[in-house]
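Input: a single structure, listed below in structure tokens.
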Amino acid sequence: MKMLGNPSKGVFTGHMARGCDLCFPGAKAVVFVTGVCDDSCFYCPVSREKLGYDVFYVNEEPVYSVEEALVEIERSNSLGISITGGDPLARPDRVLAVVRAVKESFGPWFHIHLYTSGRYATPDMLVALWRAGLDEIRFHPTEPGFEDRIRMAANLTRMTVGAEIPIAPGLEEYAAKVIRAVEEAGGSFVNLNEMEFVEPNARSLAMRGYRESKARPFTVDGALEAGIKVVEWASRNARIPVHFCPASFKDSIQTRNRLARTILVDAKWYEAPTRDGTLVWGELRSPIKEPPPGIAEKCGKESYCTYPEERLLHKLRDLYGGDAFIVEGHPTRQRKPIVSETQIQ
Ligand code: SF4
Numbered sequence: 018m019k020m021l022g023n024p025s026k027g028v029f030t031g032h033m034a035r036g037c038d039l040c041f042p043g044a045k046a047v048v049f050v051t052g053v054c055d056d057s058c059f060y061c062p063v064s065r066e067k068l069g070y071d072v073f074y075v076n077e078e079p080v081y082s083v084e085e086a087l088v089e090i091e092r093s094n095s096l097g098i099s100i101t102g103g104d105p106l107a108r109p110d111r112v113l114a115v116v117r118a119v120k121e122s123f124g125p126w127f128h129i130h131l132y133t134s135g136r137y138a139t140p141d142m143l144v145a146l147w148r149a150g151l152d153e154i155r156f157h158p159t160e161p162g163f164e165d166r167i168r169m170a171a172n173l174t175r176m177t178v179g180a181e182i183p184i185a186p187g188l189e190e191y192a193a194k195v196i197r198a199v200e201e202a203g204g205s206f207v208n209l210n211e212m213e214f215v216e217p218n219a220r221s222l223a224m225r226g227y228r229e230s231k232a233r234p235f236t237v238d239g240a241l242e243a244g245i246k247v248v249e250w251a252s253r254n255a256r257i258p259v260h261f262c263p264a265s266f267k268d269s270i271q272t273r274n275r276l277a278r279t280i281l282v283d284a285k286w287y288e289a290p291t292r293d294g295t296l297v298w299g300e301l302r303s304p305i306k307e308p309p310p311g312i313a314e315k316c317g318k319e320s321y322c323t324y325p326e327e328r329l330l331h332k333l334r335d336l337y338g339g340d341a342f343i344v345e346g347h348p349t350r351q352r353k354p355i356v357s358e359t360q361i362q
């Protein structure tokens, strides 16, 4: 199979998994179903506020029920979800409830993929996930015997079955072994993620001799080259598609695209979208007098939002008192974090 793509967006052989097709343009909402996980991978990038805790997030927004998760997914204007953790299968009832509810609410074509170490992937669990509507399962091998889970999933269900592992220098041979094993077990793809170098795993990686790349912040030095090397090998030796996903692409372009999709359905009348996936609005903070509706809308305690136009903000400040700002923020529910705030003089 021919190697396609480029190092900044990713390289791959064959067709990428459907979950990746949708992730690329930011059309997948990320459902972090629990932080609970019974593995302890040395490269684990999950934040210490989440790992080990039974927390539930959609696109980094905390949610407290499946119903709240559905609202957040709807707000993101996505075409599918990826279920992640922790190990999602450590909370099987919640995962099944999310899969069923998402398929019921958004329809059979709304794509769902799930990552798991496979530790709790029993035959009953795999069939239950498939019957609930799960489309794609990605095993993250953490212990010997992961091939058996891939075989079970491939034989007992019609889900797309693959594996996903981080890649860094020194792991090329291991990656080739995983590709061979997935192939033999009946899986249909392998994804390689550029290993991240972030606060939660920095110490553990440094102890193993890994360094942060100077050219590619927050990634392991040499991980890009290692990933490309494995995909090159796969183009000559593997029968299944292999895809290398650069961390920088995931963090910058995919996230920006995801925010831009959210803005399409969630921007308020006074908010202007930017090319970076953020929103800009005008804000009058006045404890003195409230502007009438139709000119500005209450958007916080003693805050009134309106178009981000200097002349209009000047006028409102003169008429109603207080201070006026042009604010840029992220399209989260709370419009945080704030990117910039400029006071109108
Ligand atoms: S299985 Fe995933 S969440 Fe669990 S420790 Fe490993 S990398 Fe972290």
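Here the sequence shown is numbered in the working numbering, starting from 18 and rising by one per residue. Even for Gly, the Cβ is constructed at its ideal location relative to N, Cα and C. Computed from a predicted model, the values in this text were never measured in an experiment.
Roughly how far, in whole angstroms, is the beta-carbon of LYS19 from the beta-carbon of SER252, given that I think they are within contact range, below 8 Å? 6 Å
Exposed or buried, which one is ASP293 when buried takes at least 16 other CB atoms within 10 Å? exposed
Whether ALA180 touches ILE167 by CB criterion (8 Å): yes
Bounding residues of the alpha helix (DSSP H) (the contiguous stretch that carries ALA219): 219-224
For a test of your reading of the model: does the CB of SER57 fall under 7 Å from any non-hydrogen atom of the ligand SF4? Yes or no. yes
Which term fits SER357, buried or exposed, when burial requires 16 or more other beta carbons within 10 angstroms of its beta carbon? exposed
Do three or more CB pairs link the stretch 116-124 to the stretch 87-104 at distances below 8 Å? yes
Neighbourhood of LEU281 by C-beta, 7 Å cutoff - its chain only, sequence neighbours within 5 removed: ASN94
In whole angstroms, what separates the C-alpha of VAL83 from that of ALA46? 14 Å
Check the DSSP bridge columns for ASN23 and list the partner residues they point to. GLY27
When DSSP labels each residue in this structure, what does PHE156 get in the three-state scheme? strand
Quick check: what's the CA-CA separation for PHE73 versus VAL119? 15 Å
Residue of ASP104, LEU39, GLN360 and PRO42 minimising C-alpha distance to PHE49: ASP104
How big is the Cα-Cα spacing for LEU143 and GLY102? 17 Å
CB of ARG302 within 8 Å of CB of GLY346, strictly: no
Shortest alpha-carbon distance to TYR132 belongs to which of ALA107, ALA243, ARG275 and GLU300? ALA107
Proximal residues to LEU363 (C-beta, below 7 Å), its chain only, five neighbours per side dropped: Here the chain covers residues 18 to 362 and nothing more, so residue 363 does not appear.
Would you tell me roughly how many angstroms separate the C-alpha atoms of LEU113 and ASP71, rounded to the nearest one? 16 Å
Which of helix, strand or coil does DSSP assign to GLN351? coil
What three-state label does DSSP hand GLU327 in the structure shown? helix
So what's GLY244 in DSSP terms, helix, strand or just coil? helix
So ASP110 is in the alpha helix (DSSP H); what residue range does that whole segment cover? 109-123
Evaluate ARG136 with the Cβ neighbour count: other Cβ atoms within 10 Å of its Cβ, from every protein chain shown; 16 or more gives buried, anything less gives exposed. buried
Going by alpha carbons, who is nearest to THR272 out of ARG117, GLU77 and SER64? GLU77
Do GLU211 and LEU188 have their beta-carbon atoms positioned less than 8 Å apart in this structure? no
Relative to the alpha-carbon of CYS61, which residue among SER134, ALA86 and ARG111 has its alpha-carbon at the smallest distance? SER134
Could you check whether the Cβ of CYS54 sits closer than 7 Å to any heavy atom belonging to the ligand SF4? yes
What residues in its chain sit with their C-beta under 7 Å from that of THR9, if we drop five residues either side in the sequence? Residue 9 is absent from the structure shown; the chain starts at 18 and stops at 362.
Length of the line joining the Cα atoms of VAL248 and THR30: 7 Å
Any non-hydrogen atom of the ligand SF4 within 7 Å of ASP110 CB: no
Proximity test, THR51 beta-carbon vs the ligand FMN heavy atom, cut-off 7 Å: The ligand FMN is absent from the structure shown, which contains only the ligand SF4.
Among ALA255, PRO310, THR51 and PRO348, whose alpha-carbon lies nearest the alpha-carbon of ARG92? PRO348
For THR291 and ALA264, which I take to be in contact (beta-carbon distance under 8 Å), what is that distance rounded to the nearest angstrom? Actually they do not touch by this definition, with Cβ atoms about 24 Å apart.
Quick one, are the C-beta atoms of HIS32 and PRO325 less than 8 Å apart? no
Below 7 Å CB to CB, which residues in the same chain sit around GLU160 once its five sequence neighbours on both sides are set aside? none
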